[in-house]
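So the structure is just underneath, and the comments pick up after that.
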Amino acid sequence: MQKISLISRCAILLMTLFLVACQSVKTKDDSLYHALGGKDGISRFVDVFIFEIGETEQVLHYFEDTNIQRFREKQIEHVCILSGGPCEYTGDEMIPVHEGMNITESDFNAIANAMIRALDSVNVSLSARNQLLAIMASMRHEVLYK
1 MQKISLISRC
11 AILLMTLFLV
21 ACQSVKTKDD
31 SLYHALGGKD
41 GISRFVDVFI
51 FEIGETEQVL
61 HYFEDTNIQR
71 FREKQIEHVC
81 ILSGGPCEYT
91 GDEMIPVHEG
101 MNITESDFNA
111 IANAMIRALD
121 SVNVSLSARN
131 QLLAIMASMR
141 HEVLYK
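According to our numbering, numbering within the sequence shown proceeds without interruption in unit steps and concludes at 146.
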């Protein structure tokens with residue numbers, strides 16, 4: 001049970017990446033980018049993640065007015081840059097986008113679980129998944145309702 005809790009907590013952090021991406025500092029190490037399958041692998045992951053969001057009734061309402069094509073593009077850019085890839089992030093900052101959304105811990109967990117399912121579905125290794133989750137950990141506080 002404790003392992004599941006730890007995995008869920010780490011996955012929750014990844015959720016911050018996908019609600020609507022934020023500005024980030026690019027890492028110099030591109031090994032995670034390659035472990036995720038480069039831009040093609042990241043694109044596959046984001047596509048499955050969007051599907052998983054659509055299957056998660058608890059959080060679907062957060063995305064009702066979202067331009068899905070823009071959301072997709074910005075998520076790909078963001079994962080690319082966070083993983084050390086050769087991308088430029090042109091999306092919005094996290095705090096202003098999520099302000100007033102009143103995202104709860106439960107909602108955050110539901111999105112995180114959707115992300116885990118998407119990562120598993122595209123066969124991202126546990127090591128790469130954990131690396132990405134660790135990168136996202138610092139952004140969690142920018143998403144949850146305060």
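Every residue gets a Cβ at the ideal spot worked out from N, C-alpha and C, and that includes glycine.
Worksheet item: How is SER31 classed by DSSP in three states: helix, strand or coil?
Response: helix
Worksheet item: What first and last residue would you give for the alpha helix (DSSP H) that runs through LEU36?
Response: Looking at the DSSP string, LEU36 is not in any alpha helix (DSSP H), and its letter there is neither H nor E.
Worksheet item: On the premise that PHE49 lies in contact with ALA118, defined as a C-beta separation below 8 Å, what is that separation, rounded to the nearest angstrom?
Response: With a contact defined as Cβ atoms closer than 8 Å, ALA118 and PHE49 qualify at about 4 Å.
Worksheet item: According to the Cβ coordinates, are MET101 and TYR62 closer than 9 Å?
Response: yes
Worksheet entry | Enclosing alpha helix (DSSP H) for PHE63 [first to last residue] | Note, PHE63: premise wrong, no alpha helix (DSSP H); not H, not E.
Worksheet item: Which term fits ARG129, buried or exposed, when burial requires 16 or more other beta carbons within 10 angstroms of its beta carbon?
Response: The residue is buried, with at least 16 neighbouring Cβ atoms inside 10 Å.
Worksheet item: For VAL122, which of helix, strand or coil comes out of DSSP?
Response: coil
Worksheet entry | Beta-carbon separation (whole angstroms), VAL59 vs ASP107, contact threshold 8 Å | 5 Å
Practice prompt. Tell me whether ILE80 sits in a helix, a strand or coil according to DSSP, three-state version.
Written response: One detail in the question is off: residue 80 reads as Cys in this sequence, not Ile. In this structure, CYS80 counts as helix in the three-state DSSP scheme.
Worksheet item: Secondary structure at VAL143, three-state DSSP: helix, strand or coil?
Response: Coil at VAL143, not helix or strand.
Practice prompt. Determine the direct distance from the alpha carbon of SER83 to that of GLN23, and round the result to whole angstroms.
Written response: Below a pLDDT of 50, predicted positions are generally treated as unreliable, and GLN23, at 41, falls in that range; the measurement from the model is reported next regardless. C-alpha separation (whole angstroms): 13 Å.
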